[in-house]
């Protein structure tokens, strides 16, 4: 019985690991600017324009976030966006996909298919954007994960070493308890 459980968990572990690494490699080397996984995109927050000093529970819901948080955005059509949605969009004048903003919708003009947004921590509206510039709405945020990803990116060799030690440790523990 122990061997069956061992092989089951081993199979699950390797399938998940291969899927995660495969997805990461595909994302990394894809030339497409509109990459998504099952209609979702992930962004790291670069500024505090949406930081309202909200409790951590609100940050997880994606209603408030700060620099270093990671947000998950569901791709949506502009016609589905309403006032008070928190949207990610390509700002006017920077259409090359190098910069994205995530702010709250404060006004919608359905006839012109335009939107006015504002960062919760800002006291001025952003310039008007068209529906074509909107990518989608924020579904949730994970506080501090962006800082961890930045550390891994800046210390890649150290991160790979720590990851290898972690995986070896799991393998040793698994062998001890299941064989």
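In the numbering used here, the protein residues as written are 1367 to 1545.
Glycine included, every Cβ here is placed at the ideal spot set by N, Cα and C.
Is residue j closer than 8 Å to residue i when the C-beta atoms are compared?
i, j, result
"residue 1456", "residue 1474", "no"
"residue 1507", "residue 1437", "yes"
"residue 1481", "residue 1495", "yes"
"residue 1432", "residue 1452", "no"
"residue 1468", "residue 1511", "no"
"residue 1470", "residue 1454", "no"
"residue 1525", "residue 1536", "no"
"residue 1491", "residue 1465", "no"
When we look at the beta-carbon of residue i and count the other beta-carbons within 10 Å, is it buried (16 or more) or exposed?
i, result
"residue 1531", "exposed"
"residue 1499", "buried"
"residue 1413", "exposed"
"residue 1522", "exposed"
"residue 1416", "buried"
"residue 1458", "exposed"
"residue 1378", "exposed"
"residue 1384", "exposed"
"residue 1447", "buried"
Just to confirm the assignment, what range does the alpha helix (DSSP H) spanning residue i have?
i, result
"residue 1512", "1511 to 1520"
From the DSSP secondary-structure annotation, give me the bridge partner or partners of residue i.
i, result
"residue 1407", "1439"
"residue 1495", "1481"
What is the residue span of the beta strand (DSSP E) that residue i lies within?
i, result
"residue 1452", "1452 to 1455"
"residue 1504", "1500 to 1508"
"residue 1473", "1467 to 1475"
Might you give, ordered along the chain, the residues of its own chain that have their beta carbon closer than 6 Å to the beta carbon of residue i, omitting 5 neighbours on each side?
i, result
"residue 1497", "1444, 1479"
"residue 1380", "none"
Please go through the same chain and pick out, in chain order, the residues whose beta-carbon is closer than 7 Å to the beta-carbon of residue i, but skip the five residues on each side of it.
i, result
"residue 1513", "1434"
"residue 1405", "1440, 1441"
"residue 1477", "none"
I'd like the list of long-range same chain contacts for residue i, defined as Cβ closer than 8 Å, with 5 residues on each side in sequence excluded.
i, result
"residue 1516", "1410, 1434"
Using a C-beta cutoff of 8 Å, does residue i count as contacting chain C?
i, result
"residue 1488", "Included in the structure is just one protein chain, with no chain C present."
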